[in-house]
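Asker: Take a look at the following structure, please.
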Amino acid sequence: MATAKIKKGDTVQIIAGKDKGKQGKVMLVDRKNNRVVVEGANLVKKHEKPSAANQDGGIVTKEAPLDISNVMYVHKGKPTRVGFKITDGKKQRIAKSTGETID
1 MATAKIKKGD TVQIIAGKDK GKQGKVMLVD RKNNRVVVEG ANLVKKHEKP SAANQDGGIV
61 TKEAPLDISN VMYVHKGKPT RVGFKITDGK KQRIAKSTGE TID
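Each residue of the sequence shown is one higher than the one before, starting from 1 at the first, in my numbering.
Structure, rendered in structure tokens:
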């Protein structure tokens, strides 16, 4: 399996779908299904039964997963593609637009 270009905690911009143009922080990355959950984006309403965690139940609004191909990493306020570069035997993510290391 390839190295993930998007990681938990990254700021991303949605480039396709109903929330196109929105930016948010990645809360969860599902590498098996190539999906990400972005904070405040792709909101859906779920009907939940009352439980120990949620005493009232009812209709709850929460974030649903997006396909990882529909988000783009944001570097210095602009969306950019992510690449990899090996320096001193370490693999690092780089922003393709500037060539700078991300982390």
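Where is the CB? At the ideal position from N, CA and C, for every residue including glycine. Source: prediction; values computed, not measured.
#1: Looking at the secondary structure, which residues open and close the beta strand (DSSP E) in which LYS46 lies?
#2: Beta-carbon separation of LYS91 and GLY83 under 8 Å?
#3: Closer than 8 Å is the cut-off here; do at least three beta carbon pairs connect the stretch 54-65 with the stretch 74-81?
#4: Going by the DSSP bridge assignment, what does LYS35 pair with across the sheet?
#5: By the DSSP assignment, the beta strand (DSSP E) with THR3 in it spans what residues?
#6: Taking the beta carbon of ILE14 as the centre, do at least 16 other beta carbons fall within 10 Å, making it buried, or is it exposed?
#7: Which residue from TYR73, HIS47, LEU66 and VAL26 puts its Cα closest to that of ASN33?
Answerer: This is what the structure gives:
#1: Mapped onto the sequence shown, residue 46 falls at position 46. The continuous beta strand (DSSP E) containing LYS46 extends over residues 43-48.
#2: Counting from 1 along the sequence shown, the entry for residue 91 is found at position 91. Counting from 1 along the sequence shown, the entry for residue 83 is found at position 83. The answer is no: Cβ separation not under 8 Å.
#3: no
#4: As a first step, residue 35 must be located in the sequence shown, where it is residue number 35. Correcting the residue type first, residue 35 is Arg in the shown sequence and not Lys. DSSP lists ASP30 and ASP67 as partners of ARG35.
#5: Here residue 3 is taken as the residue at index 3 of the sequence shown, counted from 1. No beta strand (DSSP E) contains THR3, which DSSP labels as neither H nor E.
#6: The sequence position of residue 14 within the sequence shown is 14, counting from 1. It counts as buried.
#7: Taking the first residue of the sequence shown as 1, we reach residue 33 at position 33. Considering only alpha carbons, the answer is LEU66.
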